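Residue numbers (the numbering used here): 413 to 850.
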């Protein structure tokens with residue numbers, strides 16, 4: 413057999429249906445696709461590869477999927493910490509966005525976020541922010557995969573004047589990236605409290621026509637639910653249900669305020685939940701009932717949220733926090749084992765985005781989105797169970813190699829398509845501007 417690339421490692425976690433662990437195996441890659449997974453001894457005897465990479469001490473996983481973030485907000489990291497959500501938004505973040513957010517800000521912020529995510533093993537992210545055409549371009553140039561949100565809100569910003577303007581720009585973005593190998597789009601109405609019924613209904617209709625996801629913050633805080641009951645006579649999820657948004661295209665982000673009947677409705681409609689544990693903890697927004705959701709059969713993905721409220725974009729950290737928090741909230745140490753956390757960060761995220769036939773697991777025929785993590789550090793030795801070490805002990809700096817569509821975008825911890833020094837210099841310049849103004 414001929415292959416372009418052959419990667420050998422002591423452990424491969426393919427995240428298949430059986431949660432397999434493959435010891436002393438290799439992955440063969442050709443034309444950006446996984447051609448074979450087989451024992452290393454067999455691979456050495458039967459595969460002639462143009463390039464062979466030996467990775468002793470490493471575990472190979474599917475690329476991680478960050479199912480909710482605001483990439484460009486990496487430039488607001490640490491700008492307004494230790495505040496509740498509405499104070500954080502109304503008094504700090506929204507005024508800063510009104511003052512600073514323009515294409516150059518979004519480009520430099522997205523570039524910084526992409527660099528951070530690639531260094532942390534993230535190969536695909538789901539974004540929601542202004543000037544999405546800029547985010548799409550930066551991401552594609554870096555060789556990264558993304559679902560770029562076509563943001564919709566009622567009020568004017570420097571990007572659009574009203575909901576119709578946001579939707580029109582989003583539709584142009586969709587047309588521009590139709591058929592692109594790395595960039596997809598989704599509708600991204602910000603939240604039930606910033607988008608009225610008519611635009612939400614229009615988003616529903618257009619999403620059906622275009623067959624794309626809908627990505628929205630919902631049930632993030634108790635105050636959001638109280639406000640919705642006052643203004644609409646319904647809880648936010650019920651309002652979305654009334655408007656026809658609850659179906660398999662919906663990614664409901666945060667979901668810290670859930671009743672049992674609402675969980676049952678999520679199961680019945682096939683809607684997905686995106687859990688952002690670290691952001692929810694930092695903003696004191698509440699606890700997503702993760703164990704209950706998984707037990708009921710809801711597909712739950714993981715997201716970091718933006719760096720302004722996390723304050724990092726580490727999906728390894730998010731896996732650990734999600735697993736530990738679920739145990740504490742549910743009162744069961746068996747809740748959300750390491751394998752479940754890894755699924756949330758890979759195949760569950762891919763499924764929520766409608767990409768599970770393409771990415772999310774290491775299986776023959778899928779895109780070669782592969783991450784190699786060095787478990788040779790002191791805090792990940794010895795290795796009894798690679799999945800446990802990955803979830804409970806590993807850190808982003810241990811991500812050494814990353815491939816997307818078979819193309820290496822991180823080599824020995826360094827990006828191959830991005831200029832790190834220039835990216836950091838641009839970030840420092842923005843930091844000086846925002847700090848001076850603040």
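Cβ coordinates follow ideal geometry from the N, Cα and C atoms, glycine included. Please read all numbers here as calculations on a predicted model, not as lab measurements.
Measure the beta-carbon distance from residue i to residue j and round it to whole angstroms, keeping in mind my assumption that it falls under 8 Å.
{"i": "residue 565", "j": "residue 602", "result": "5 Å"}
{"i": "residue 595", "j": "residue 554", "result": "At roughly 11 Å, the Cβ-Cβ gap does not stay under 8 Å, so residue 595 and residue 554 are not in contact."}
{"i": "residue 741", "j": "residue 699", "result": "5 Å"}
{"i": "residue 535", "j": "residue 814", "result": "6 Å"}
{"i": "residue 472", "j": "residue 784", "result": "6 Å"}
{"i": "residue 673", "j": "residue 711", "result": "With 8 Å as the limit, residue 673 and residue 711 do not qualify as a contact, their Cβ atoms being about 19 Å apart."}
{"i": "residue 683", "j": "residue 702", "result": "At roughly 15 Å, the Cβ-Cβ gap does not stay under 8 Å, so residue 683 and residue 702 are not in contact."}
{"i": "residue 557", "j": "residue 782", "result": "The Cβ separation is near 12 Å, so there is no contact."}
{"i": "residue 610", "j": "residue 538", "result": "That belief does not hold up - the Cβ atoms of residue 610 and residue 538 are roughly 25 Å apart, past 8 Å."}
Could you give the first and the last residue of the continuous beta strand (DSSP E) run that contains residue i?
{"i": "residue 792", "result": "Run containing residue 792: none; DSSP gives neither H nor E here."}
{"i": "residue 442", "result": "434-442"}
{"i": "residue 446", "result": "445-451"}
{"i": "residue 416", "result": "414-424"}
{"i": "residue 461", "result": "460-466"}
{"i": "residue 664", "result": "662-666"}
{"i": "residue 702", "result": "Premise fails: residue 702 lies in the alpha helix (DSSP H), 702-708, not in any beta strand (DSSP E)."}
{"i": "residue 472", "result": "470-474"}
Which same chain residues end up closer than 6 Å to residue i when comparing Cβ atoms and leaving out the 5 residues on each side of it in sequence?
{"i": "residue 522", "result": "483, 484, 547, 550"}
{"i": "residue 528", "result": "725"}
{"i": "residue 689", "result": "733, 734, 737"}
{"i": "residue 691", "result": "717, 721, 722"}
{"i": "residue 667", "result": "631, 685, 700"}
Are the CB atoms of residue i and residue j nearer to each other than 9 Å?
{"i": "residue 448", "j": "residue 457", "result": "no"}
{"i": "residue 665", "j": "residue 632", "result": "yes"}
{"i": "residue 561", "j": "residue 627", "result": "yes"}
{"i": "residue 746", "j": "residue 525", "result": "no"}
{"i": "residue 834", "j": "residue 810", "result": "no"}
{"i": "residue 789", "j": "residue 807", "result": "yes"}
{"i": "residue 414", "j": "residue 446", "result": "no"}
{"i": "residue 656", "j": "residue 616", "result": "yes"}
{"i": "residue 479", "j": "residue 766", "result": "no"}
{"i": "residue 713", "j": "residue 649", "result": "no"}
{"i": "residue 843", "j": "residue 779", "result": "no"}
{"i": "residue 371", "j": "residue 837", "result": "Residue 371 falls outside the range modelled here, since the chain spans only 413 to 850, and no answer is possible."}
{"i": "residue 440", "j": "residue 467", "result": "no"}
{"i": "residue 487", "j": "residue 839", "result": "yes"}
{"i": "residue 545", "j": "residue 588", "result": "yes"}
{"i": "residue 846", "j": "residue 491", "result": "yes"}
{"i": "residue 727", "j": "residue 532", "result": "yes"}
{"i": "residue 604", "j": "residue 634", "result": "no"}
{"i": "residue 542", "j": "residue 518", "result": "yes"}
{"i": "residue 643", "j": "residue 677", "result": "no"}
{"i": "residue 660", "j": "residue 638", "result": "no"}
{"i": "residue 880", "j": "residue 715", "result": "Within the shown structure, residues of the chain are numbered from 413 to 850, placing residue 880 beyond reach of any answer."}
Please list the terminal residues of the continuous alpha helix (DSSP H) segment that includes residue i.
{"i": "residue 620", "result": "609-622"}
{"i": "residue 551", "result": "544-553"}
{"i": "residue 578", "result": "575-588"}
{"i": "residue 654", "result": "648-654"}
{"i": "residue 681", "result": "672-681"}
{"i": "residue 382", "result": "This structure cannot settle anything about residue 382, because the visible part of the chain is limited to 413 through 850."}
{"i": "residue 713", "result": "No alpha helix (DSSP H) holds residue 713; the beta strand (DSSP E) holding it covers 712-714."}
{"i": "residue 639", "result": "634-644"}
{"i": "residue 738", "result": "727-742"}
{"i": "residue 759", "result": "759-764"}
{"i": "residue 601", "result": "Per DSSP, residue 601 belongs to no alpha helix (DSSP H); it is in the beta strand (DSSP E), 595-601."}
{"i": "residue 803", "result": "798-804"}
{"i": "residue 693", "result": "689-694"}
{"i": "residue 822", "result": "Residue 822 -> not in any alpha helix (DSSP H); beta strand (DSSP E) instead, spanning 819-823."}
{"i": "residue 751", "result": "750-756"}
Residues in its own chain within less than 7 Å of residue i by CB, not counting five upstream and five downstream?
{"i": "residue 489", "result": "719, 720, 723"}
{"i": "residue 436", "result": "422, 451, 452"}
{"i": "residue 773", "result": "426, 427, 428, 474, 758, 759"}
{"i": "residue 514", "result": "570"}
Taking 8 Å as the cut-off, is the CB of residue i close to at least one heavy atom of the ligand COA?
{"i": "residue 766", "result": "Among the ligands in the structure shown, none appear at all, so the ligand COA cannot be discussed."}
Note down, in chain order, each residue of its chain lying with its Cβ closer than 8 Å to the Cβ of residue i, except the 5 sequence neighbours on either side.
{"i": "residue 461", "result": "414, 415, 416, 417, 418, 440"}
{"i": "residue 832", "result": "527, 826"}
{"i": "residue 820", "result": "813, 814, 828"}
Counting only runs that start and end within the stretch 478-557, where is the alpha helix (DSSP H) found for 4 or more residues in a row? 497-500, 506-512, 515-531, 544-553
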